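Residue numbers (this note's numbering): 2 to 315. Backbone N, C-alpha and C fix where the C-beta goes; we use that ideal spot for every residue, glycine too. Keep in mind that this is a model prediction, so the values were computed, not measured. Data first, discussion second: the structure below is written as structure tokens.
Dropping the structure here:
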């Protein structure tokens, strides 16, 4: 299969491309710069120069392919417009793919968020792949939920003859090449503050997946995922945030300390993570495993922390 991939030099994409190549697929990756082009070539992909603002180019690349994996987003819009601007920019991209792939039955697999169906507190149970993304209203501006409209747009393309699906990515995608995710942020925060903090009793749960397992799920969704479905890239379905803090603290030789759930103290410690770190996101991967035959095989989050690559030598 000839696969067009966006975001191929990012953390997820740099694992997805080798996964596809190893499975015998031909990959073309989108590159905006010479540096990105060189990185894509090193991963085994053919380079297509362009960017996410060139909708005609994206449409042409999708039409020339047997399927699309989209894991890129307009990070450049975050400083000025926040998540709302990023989400708004993705809608025309997805619709462009839809025009190129309509009526073909070809796959479009796009990245989503494990939080899109709501938190464990909203649902009263772990989320499943059958839970749709929650609707978005004006009251959700500036929140992660604003991006749910992207997921529903992709799922809606199934009605136009596109084998579209969403891979919901866990809170923490970890690997030896993770440099900018939640985990490095929490580690840097612990080093800065002198302790590994967790909110309240830290019983709220986050989920995690190894980036190599995430990549295999994208490949399986591309190869055989039915249209209009959600998949859960989740290896560890629910780890108490306190346990994550304790693991980070242990590796750094720092104590794990409760940060009171207070409107002043939480932001003072966690900064932009304050609204996320208090949420609980237990999630199931049963449908993804049973439907696609996906079996996470890489180390879990706590085991990966023990490997030491997230921490400075010594």
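Is the distance from the Cβ of residue 252 to the Cβ of residue 306 below 8 Å? yes
Cβ neighbours of residue 88 in the same chain (closer than 7 Å, five flanking residues each side left out): 147, 148, 150, 151
If we call anything under 8 Å between Cβ atoms a contact, is residue 36 one with residue 5? Taking the C-beta atoms as reference points, residue 5 is found no nearer than 8 Å to residue 36.
For residue 170 and residue 141, the rounded distance between their alpha carbons: 20 Å
Option in 52, 236, 193 with minimal Cα separation from residue 32: 52
On a Cα-Cα basis, can you pick out the residue from 193, 208, 39 that is closest to residue 174? Answer by Cα proximity: 208.
Following the continuous beta strand (DSSP E) through residue 244, name the residue where it begins and the one where it ends. Taken as a continuous stretch (DSSP letters only), residue 244 belongs to no beta strand (DSSP E), being part of the alpha helix (DSSP H) at 242 to 253.
Is residue 200 helix, strand or coil when you go by DSSP? Note: residue 200 maps to strand in three-state DSSP.
Taking 7 Å as the limit between beta carbons, can you name the residues of its chain near residue 262, skipping five residues before and five after? If we look at residue 262 and ignore the five residues flanking it on each side, its Cβ neighbours are 200, 201, 279.
State the DSSP-derived secondary structure class of residue 271, mapped to helix, strand or coil. helix
Determine whether the beta carbon atoms of residue 167 and residue 113 lie at a separation below 8 Å. yes
From residue 79 to residue 289, what distance separates their C-alpha atoms? 31 Å
Kindly indicate which residue of 181, 194, 271, 20 has the alpha-carbon position closest to the one of residue 223. 20
Along the chain, where does the alpha helix (DSSP H) containing residue 149 start, and where does it finish? 149 to 157
Could you compute how far the alpha carbon of residue 159 sits from the alpha carbon of residue 134? If I take the Cα positions, the gap works out to 15 Å.
Ordered along the chain, which non-local residues of its own chain (more than five positions away) have a Cβ less than 7 Å from that of residue 48? So the qualifying residues of the chain are 30, 32, 38, 41, 42.
Can you check which of these residues, 254, 215, 226, is closest to residue 236 by C-alpha distance? 215
Do the CB positions of residue 120 and residue 311 come within less than 8 Å of each other? no
Can you pull the DSSP bridge partners for residue 206? 241
Out of curiosity, what's the CA-to-CA distance linking residue 277 and residue 203? 13 Å
Whose C-alpha, out of 301, 299, 287, 292, is nearest the C-alpha of residue 128? When only C-alpha atoms are compared, the closest one is 287.
Anyone know if the C-beta pair for residue 109 and residue 137 falls short of 8 Å? no
How about residue 72 and residue 165: are their beta carbons less than 8 Å apart? Contact: no.
Just to check my reading of the structure: residue 44 and residue 9 have Cβ atoms closer than 8 Å, yes? What is that Cβ distance to the nearest angstrom? For a cut-off of 8 Å, the C-beta gap from residue 44 to residue 9 is around 7 Å, short enough to register as a contact.
Using the rule of at least 16 other Cβ atoms within 10 Å of the residue's Cβ for burial, across every protein chain shown, is residue 177 buried or exposed? exposed
Would you kindly work out how many angstroms separate the C-alpha atoms of residue 242 and residue 105, rounded to a whole number? 44 Å
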